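Using UniProt numbering, the first residue of the sequence shown is number 1, and each one after it goes up by one. All residues carry an ideal CB built from backbone N, CA and C; glycine is no exception. In this text, all values refer to a predicted model and were calculated from it rather than measured experimentally.
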Amino acid sequence: MQIYNVIGKNQTKRTSHHAPMNLGLEYLDLYLIHFPVSLKPGSEYPFNQEEEDLLPMDFRSIWETMEECLTKFIGVSNFSCKKLEILLSTAEIPPVVNQVEMNPVWQQKKLMEFCESKGIVITATFHWGELEHLGGQ
């Protein structure tokens, strides 16, 4: 299950604690924080990525909330080495996965090496590349 950081800690807490029950489960295998930023209240996904809609993510409070959840593992998506370093400096439970765009055109070797050194598995999205890179439409 992916969590979008739209409102912050309180909404994340409500979502993370109720999601397993709403799905008829005792727990979830993986919660995935989708972006390393928060969105202004009232912003909706998908968003236009306008700078005024983006807020710095409160890594500590969001991650503490995730650590309290009914989930086996916590992961992230679209986190750079720098964002992962910030998160790892305060997290008691490190993320097990970082889901990022990775393909033959964009191999992200530095990020892959960093994640490997920290025991974080990379899950590739757009693993064949976006259509525009492959001559598609």
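Look at the alpha carbon of residue i and the alpha carbon of residue j, and state the distance between them as a whole number of angstroms.
i      : j      : result
Glu113 : Leu30  : 23 Å
Lys72  : Trp106 : 31 Å
Asn78  : Ala91  : 17 Å
Ile120 : Leu88  : 11 Å
Glu116 : Leu23  : 32 Å
Cys69  : Glu85  : 22 Å
Leu25  : Val96  : 21 Å
Glu64  : Pro36  : 15 Å
Just verifying my parser: in three-state terms, what is the DSSP assignment at residue i?
i      : result
Leu23  : coil
Ser80  : coil
Phe114 : helix
Ile120 : coil
Ile86  : helix
Glu64  : helix
How about residue i and residue j: are their beta carbons less than 8 Å apart?
i     : j      : result
Gly75 : Asn103 : no
Given residue i, which residues of its chain have a CB within under 8 Å of its CB, disregarding the five upstream and five downstream residues?
i      : result
Val100 : Ser77, Asn78, Phe79, Gln108, Leu111, Ile122, Thr123, Ala124, Thr125
Lys118 : Leu84, Leu88, Pro94
Give me whichever residues DSSP pairs with residue i in a beta bridge.
i      : result
Phe126 : Answer is none; Phe126 lacks a bridge partner.
Glu101 : Thr125
Ile74  : Tyr31
Within a Cβ cutoff of 7 Å, which residues of the same chain sit near residue i, ignoring the five residues on either side of it in sequence?
i     : result
Leu81 : Leu is not the amino acid found at residue 81; the sequence shown has Cys there. Within the same chain, Cys81 has close Cβ partners Lys110, Leu111, Phe114.
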